[in-house]
Amino acid sequence: MNEIISLISLSVIFGSMLSGFATFRMTGMRLMPHFAVLILAFIFTLASLFINNNIVFYIAIALQIITPFTICGTICNIIKTQFQNTGIYSAHLGFMGIILILAIGNLFI
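Here numbering that gives the first Met the number 0 is used: the first residue of the sequence shown is 0, the next is one more, and so on.
And the structure:
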């Protein structure tokens, strides 16, 4: 377990929850599964910092890897039909790319 990468992942997840809130408010309930997984990833990542348990750590990593993929189907349809609002989604999509790379890095380091 690398606590430094987990702490950075936690801050990226928290930032993505804040940036995603605006996205969630604009699109309605279509992104609810994504934000449920995002909140679970936050909770398990926070728990993995305090609980020295490999199962909690690997669940946190799995949720961090799954989270970016839960947004793909919904956000592609939204961007296709509402391309003028893509600037609002860019911060959240950037955070999702970062969390995926951090999760894979945390898995192998």
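No residue lacks a Cβ here, since even glycine has one placed at the ideal position from N, Cα and C.
These numbers come from a predicted model, not from an experiment.
Residues of the same chain with a CB within less than 7 angstroms of the CB of P32, apart from the 5 flanking positions on each side, are T69 in chain order. Going by C-alpha positions, I42 is about 10 angstroms away from L62. Note that the C-beta distance between L101 and I38 is not below 8 angstroms.
Just measuring C-alpha positions, the residue of Q83, V55, S10, I50 sitting nearest M25 is Q83.
Out of A46, M95, I54, L106, the CA that lies nearest to the CA of I12 is found in M95. Contact check for T22 against I87 passes: the beta carbons are separated by less than 8 angstroms.
Cβ contact annotation for S15 (same chain, cutoff 7 angstroms, sequence separation greater than five): L37, H91, F94, M95, I98, in chain order.
Judged by DSSP in its simplified three-state form, Q83 adopts helix.
Only residues of its own chain outside the window of five on either side were considered, and among them L48 have a CB closer than 7 angstroms to the CB of L6, listed in chain order. Taking a C-beta distance under 8 angstroms as the contact criterion, T73 and A40 do not qualify as a contact pair.
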